[in-house]
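Engineer: Protein chains in written order, with the numbering used here: chain A, -1 to 554; chain B, 13 to 219; chain C, 28 to 405; chain D, 21 to 91.
Got a structure here, written out as C-alpha cells. Questions coming.
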C-alpha cells in the first residue's frame, strides 16, 4: 500500500505545498494544469496572428494580379503563416496544452515526471514565437515553411532568426517528449496497465518518441542552415560543394513524423469524445491503440515521398511510395472504428461531438487525397501545386484544428469549471464546416488544372474559384472568431459544470473541476478499462475526491 | 511530513524516504537516458550530413586537402577510451565504498579527458595553420570535420566540467554508498561521449 | 444502471437499405470517374505517358469516391439514426459492444488488398514513366534562372528563350538544372515535373503526342517573381509577363524549319566566350605545376570527375576526350584553346559565373600549366 | 636527438589500445551478471569501448586507415 502510494506519487521527491504568490502560482507555475493552460492561451494567440496572415493571403488572391501586398511581402506572409501554424499552434496545442492538462490526470499521477523541465519547455515556446514574428522587422523568411536552400540562403536576415526560433521550439518539443514518455511509462496509477490506458494517453505515448527523436534531427538541419547563413560554412550551397537535397532529406525526416505529431493526439481526443457522447465503449480499443503505434513507427520511413520530383533515384521512389500506402491501413482502421462506435449508441449532440464527427469526415477526405499524392505518377503532376495545399489543409485544419476545437469544447469545463455556450458553439461548428470546405475544396481542381502554390498572381481563368475560396475563408475566420468570443464569454458567464458534465468515465472526470493542486487526495487504484458504460467505474480510492475532506497532499 | 500525509500516513519516515529515492531515481535515470538518446540523434543527423556530402561526387578527401594524421588520431582516441575505462572503475569503487581508489580513478578520468582536449587542440592548430584547412574556407571537408569534432569537443569539455563538479560534490559528501545517482549519470554521459568518438574516429580517420 | 442496458442492435432492414443506397451511389460514382471527360479537372494531355497518369487518377478518384460515400454515409446515417431521443432517460446507454473480430479482420484485409492493387497499378505506370521511355531521344536541356527558363539544343549555339520547340511523336530526353536556386519545370499538359536543382541534372523522358502550345510553370519557390515563371500569367499590371515561356510541339517539318532558322540566327553567338586578347603558349604547360594550381584555384568549383558530376562547374576529368562533355556546355568537343579562353576570359552563362584570369590571379603561364594538367587527366 | 613523432604516437596508441581493450573486456566480464537498465547500458557502452580500443590499436599498427601519402 505504501509502495503504491509513493509510486503513484511519482514526483513525490518534489512534493511541496501549493505556492500562494501570484507569480509562482500562475506565471512560473510547476503545476501541469497551469502550464497546460499557459500553452493553450499562447497557442491561441499565435493562432489568431497566423489566421490574420492567412486572410492577407486570401485577400491577395482575390484578384489574379494580386496587388493587395507586394510579392515579397506576400512570400513573407505565407512563410510565417505556415511556420506559425505548424510549430507555434498545432504542435504546442496538441502536445503541450492538452497533453499537459489532461494526460497526467488520466493516468492518475500527481504531476508530470519533471515539473521544472515542463515549466522550462513552456517558457522557451513564447520566446521562440516572438523571435519568429520579430523576423518581420528584418525581412522575414520567404521560402515557405520548408525553407529549401539555396533560396533560404539568399533570403533576408529574418531567415536566420526563423532558424533560431524553430530550433528553440524544437528544444521545447524534445523536452516535452522526454517528460511525457517518462511520465506515461513510470507514473501510471497502480493497476493501470498499458491495456487499461485511455486512448488519449496512448496517443500521447505514441507522439512523445516522435517529438523526442524527429525534432532533434530537425535541430541539426536548422543548426547547419544557421551556421551556413551566418558564418558561410558550406552545407547546402552547391557552389561550395554542399548539397541542397541534403536539407530536404533532413527536413522531411523530421517533418513527416511531425505530421503525425500533429494528428495523433487529435486522434486520441476524438477517441475519448465519441464514446463519451455515444454512451458506449470505443469500438476496437486494442486496434486503435495499436494503430497509433504503427503509424508512429511507419512515420519514420516515408519522408522521401515529399521529394519525388527532387531528383531521387527512381528506384528509391518505390519503397517510399509503398510504405506510404501502407500507412493508410492503420489510419483506415481508426476511421472505421470511430464510425462503428456510433452504431447502436445514444448520441448526444454537444458541440464537442459535432466537431468530433466533422473531424472523422474531413480527415477521411484528407487521407484519401494523401493516397493520391503518395502515388509517384500522380505526384509528378500535382507536386508543388494547390492540390498539395488542399490536402495539407484538409488534414491539418479539418483534422488537427477540428480536433483542437472538439477538445476545447470537451475539456473546457475541466479547466475552468464552466461549460462553453452551446448555441454559439453550434454556430461556430456549422459556419466553420461550410467555410472550411468552401475554402479548400476548390483548391483540389485548381491544383490539378495547373495553379502552382506560393504564387502572388495566377492564371485569370482561376479567378472565380479563388474568389470563392477567399470569401469562404472569411466565413471560416468569422466562425473561429465566434470560438474565441465563446471562450471569453464562457469563462465569466458559462454554466457551472460540476466535476463531470459529460458523464465521462476516465479519471479526470472523477475529480473536481478544475482538479486541485496535486489532482488526487488519494491515488486511485485502477482495475479495468474506463469505457464500460454499463459497469460501475473501475476505480478504487476515489471516495474522498468529491467530498470536502481537506487536501493534505503537500501540506507541511 | 509531505510523504507520509501523501500516502495515507501509512508509512514510516525512513521507509518512505527510501522508496522515494528509489522512485525518483528511476524517473531521473530514464529521463537522462532519453536525453542521451536525443543527443545521439543529433550526432547521427550531422554524421548523415557528413557522409551524404562526402559521397556527393568529388572524391575524398577533396582535391587539395590531405588525409588526416591517423597516428595522432589513434593516440587521441586511446586517451579518450582510457578515460572511459577509468570512469567505469571510479563508479565501481564508489559502489564498493572505496573512496581512495574512487578519487584516484575520477581524477585520472578528468586528466585523460583534458589530455584528449589538448590533443584535439594540437590537431586543430595543425590543420588550420599548417594545412590551411578552416571551418568556412575549405568546402565540405572543413565544414563537416570542424562541425562534428567541434560538437564532440564541446561535449567533452562539458563532461570534464561536469565530472569535476561531481568529484567536488562527492568530496563534500553529497553522495552516499546507496544514493549516488549523480555519479551514475556522469558515468553514462562520459561513456556516451566516448562511444560517439568511436564512430567519429572511424568515419573521419579510417575510411 | 444494468436495467436500462439496451439489447444488442443487429443490422436490420434500415441498415441494409441504406447500404444498398450507398452501393448504388458508389457504382454511379465509379461509373462517372470511368467515363467523365478528364479535361474538366486536368489540362489537355499532350504527351505519352500522360494518358496512363490520367488512368491512375480515374482509378484513385473512383475508389476514393466509393470509400468516402461509405464512410461519410454511414457516419451521417448512424449519427442521425442513433441520436439520443427525448424519451430516453438522461443515462440511457448505447449497446455495449467492445469489438467484433470478424468485422475488424475484414476492414483490415480489404484496405490491404486495395493497397496491394494500387501499388501494382502505380508501379506499372511508374515503370512507364521512369524506365520504359526511350533513351535515345532528342536531347534538350533547360536551365532555370531567376526568373526565366532557357533551353539548349545540340548544334545550336547559345541559349533559346521564350519557346521550347519539340517535334511531335519523337522521344525527348529533357535534362534540367538551375543556375541559382531550385526551380521546378512543369508542363501540365505533359503531366511531368522535375525540379531544377543547382549542381544536379535531373532528366525526364517523354514523347509529345499533340501539336500545340503549352505553358511551362515553375512550381518550386524561387524568389520574388516565382509567380511570373508561369506562361498562364499573361500580364502583370498591364505589362506583358517577361517570364511567360511555352513548350511548342511542332509537326516534324515545322520543327526542322524552326531548328535551322535558330541555328543560323545563333551561328554568330559564341558560347559565352568573348573574343580573346593576349595569346597563351599552351606548349609551355607544366602538368605538375598545373595540378598544384588546380587544387588551389579550381577544386572549389570543379571536381576531377566525369563531366556530369558538378560542384559548381562541371567535372573536368578528361574533358578533351569525354564524349559526354558537350552536354550542357557547347555543341562541339572542347579544345585546349577553349579551356584556355574560359580560364582567361571567365565564363558567364547557364552554369553561373566563373571569374576571369585577373580575378583568379592566373598568369598566362598558370593557364598553360592548368591546360596541360587537364589534358593529362584522361 | 631526433625522434620520429608519428612512430612514437603509434607506439603509445598500440600499447594503450591493448591495455584499454583488455581492461574494458574484463570490466564487461565482471559486470556481465549485473541487472538494471543503467547496468544494461553500461555493458553496451563497455562493449563499444572495447571495440573502439581495438580499432585504435589496428589503426596504430597500420591495418586500418593506412593510405598512400600523396592523395
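Even for Gly, the Cβ is constructed at its ideal location relative to N, Cα and C.
Bear in mind that the values here come from a model prediction, so they are computed numbers and not experimental data.
Determine, using beta carbons only, whether residue 67 (chain C) comes closer than 9 Å to chain A.
Structural biologist: yes
Engineer: Using a Cβ-Cβ cutoff of less than 7 Å, which residues in the same chain neighbour residue 450 (chain A) once the five nearest sequence positions on both sides are dropped?
Structural biologist: 382, 383
Engineer: Would you verify that the beta carbon of residue 76 (chain B) is, or is not, closer than 9 Å to some beta carbon of chain C?
Structural biologist: yes
Engineer: In chain order, what residues of the same chain lie with their CB nearer than 6 Å to the CB of residue 398 (chain C), ignoring the 5 residues before and after it?
Structural biologist: 309, 312, 363, 366, 367
Engineer: Could you name the residues of the same chain whose beta carbon sits closer than 6 Å to that of residue 467 (chain A), not counting the 5 residues immediately before and after it, in chain order?
Structural biologist: Excluding sequence neighbours, residue 467 (chain A) sits near 437, 440.
Engineer: Within 10 Å of its beta-carbon, does residue 174 (chain A) have 16 or more other beta-carbons around it, so buried, or fewer, so exposed?
Structural biologist: buried
Engineer: Considering only C-alpha positions, which residue in the set C:77, C:132, C:119 is nearest to residue 156 (chain C)?
Structural biologist: C:77
Engineer: At least one CB of chain B closer than 9 Å to the CB of residue 456 (chain A): is that the case?
Structural biologist: no
Engineer: Quick one: what's got a C-beta closer than 8 Å to residue 489 (chain A)'s C-beta in the same chain, skipping five residues either side?
Structural biologist: 414, 416
Engineer: Tell me which same chain residues have a C-beta within less than 6 Å of the C-beta of residue 80 (chain C), skipping the five on either side of it?
Structural biologist: 218
Engineer: Quick one: Cα of residue 155 (chain A) to Cα of residue 127 (chain C), how far?
Structural biologist: 58 Å
Engineer: So for residue 618 (chain A), helix, strand or coil by DSSP?
Structural biologist: Absent from the structure is residue 618 (chain A), since the part of chain A shown begins at -1 and ends at 554.
Engineer: Cβ closer than 9 Å: which chain C residues qualify as neighbours of residue 363 (chain A)?
Structural biologist: 91, 95, 99
Engineer: Measuring CB to CB, does residue 427 (chain A) end up less than 9 Å from residue 477 (chain A)?
Structural biologist: yes
Engineer: Nearest to residue 210 (chain C) by alpha carbon, out of C:96, C:282, C:244, C:231?
Structural biologist: For the residues C:96, C:282, C:244, C:231, the minimum Cα distance to residue 210 (chain C) belongs to C:244.
Engineer: So, is residue 27 (chain D) buried or exposed, given that buried needs 16 or more other C-beta atoms within 10 angstroms?
Structural biologist: exposed
Engineer: In terms of DSSP beta bridges, what is residue 450 (chain A) paired with?
Structural biologist: A:383
Engineer: Do you know how far the Cα of residue 139 (chain A) is from the Cα of residue 225 (chain C)?
Structural biologist: 21 Å
Engineer: Contact between the region 37 to 57 of chain A and the region 81 to 100 of chain A is defined here as three or more beta-carbon pairs at a separation below 8 Å; is this criterion met?
Structural biologist: yes
Engineer: In whole angstroms, what is the alpha-carbon distance linking residue 181 (chain B) and residue 50 (chain D)?
Structural biologist: 28 Å
Engineer: By the 8 Å beta-carbon criterion, what residues does the region 148 to 163 of chain B contribute toward chain C?
Structural biologist: Within the region 148 to 163 of chain B, the residues whose Cβ lies closer than 8 Å to some Cβ of chain C are 151, listed in chain order.
Engineer: Sorted by chain position, which residues of the same chain lie with C-beta nearer than 8 Å to residue 149 (chain A)'s C-beta, five sequence neighbours on each side aside?
Structural biologist: Within the same chain, 140, 141 come within 8 Å of residue 149 (chain A) by CB-CB distance, once the 5 residues on both sides are set aside.
Engineer: Between residue 317 (chain C) and the rest of its own chain, which residues show a CB-CB distance below 6 Å, the 5 nearest in sequence each way excluded?
Structural biologist: 396, 397, 399, 400
Engineer: Among A:330, A:184, A:395, which has the Cα closest to the Cα of residue 107 (chain A)?
Structural biologist: Per the Cα distances, A:184.
Engineer: Of all Cβ atoms in chain A, is any one closer than 9 Å to the Cβ of residue 51 (chain B)?
Structural biologist: yes
Engineer: I'd like to know whether the C-beta of residue 123 (chain C) is nearer than 9 Å to at least one C-beta of chain A.
Structural biologist: yes
Engineer: If you measure from the beta carbon of residue 47 (chain B) to each beta carbon in chain A, is any gap under 9 Å?
Structural biologist: yes
Engineer: Report the start-end ranges of each alpha helix (DSSP H) in the region 112 to 200 of chain A that is 4 residues or longer and not cut off at the edges.
Structural biologist: 113 to 132, 149 to 152, 156 to 184
Engineer: With distances taken Cα to Cα, identify the nearest neighbour of residue 153 (chain A) among A:20, A:136, A:168, A:165.
Structural biologist: A:136
Engineer: Use the C-beta contact count for residue 338 (chain A): other C-beta atoms within 10 angstroms, 16 or more gives buried, fewer gives exposed.
Structural biologist: Under this definition residue 338 (chain A) is a buried residue.
Engineer: In the DSSP assignment, find the alpha helix (DSSP H) that holds residue 263 (chain A) and state where it starts and stops.
Structural biologist: 262 to 276
Engineer: Would you tell me roughly how many angstroms separate the C-alpha atoms of residue 258 (chain A) and residue 403 (chain A), rounded to the nearest one?
Structural biologist: 18 Å
Engineer: Hey, how far is the Cα of residue 102 (chain C) from the Cα of residue 144 (chain C)?
Structural biologist: 26 Å
Engineer: In the region 122 to 146 of chain B, which residues sit with their C-beta less than 8 Å from some C-beta in chain D, listed in chain order?
Structural biologist: none
Engineer: Enumerate, from N- to C-terminal direction, the unbroken alpha helix (DSSP H) stretches of 4 or more residues contained entirely within the region 393 to 433 of chain A.
Structural biologist: Counting only runs of 4 or more, we get 400 to 414.
Engineer: Would you list, in chain order, the members of the region 177 to 199 of chain B that have their beta-carbon closer than 8 Å to a beta-carbon of chain D?
Structural biologist: 196, 199
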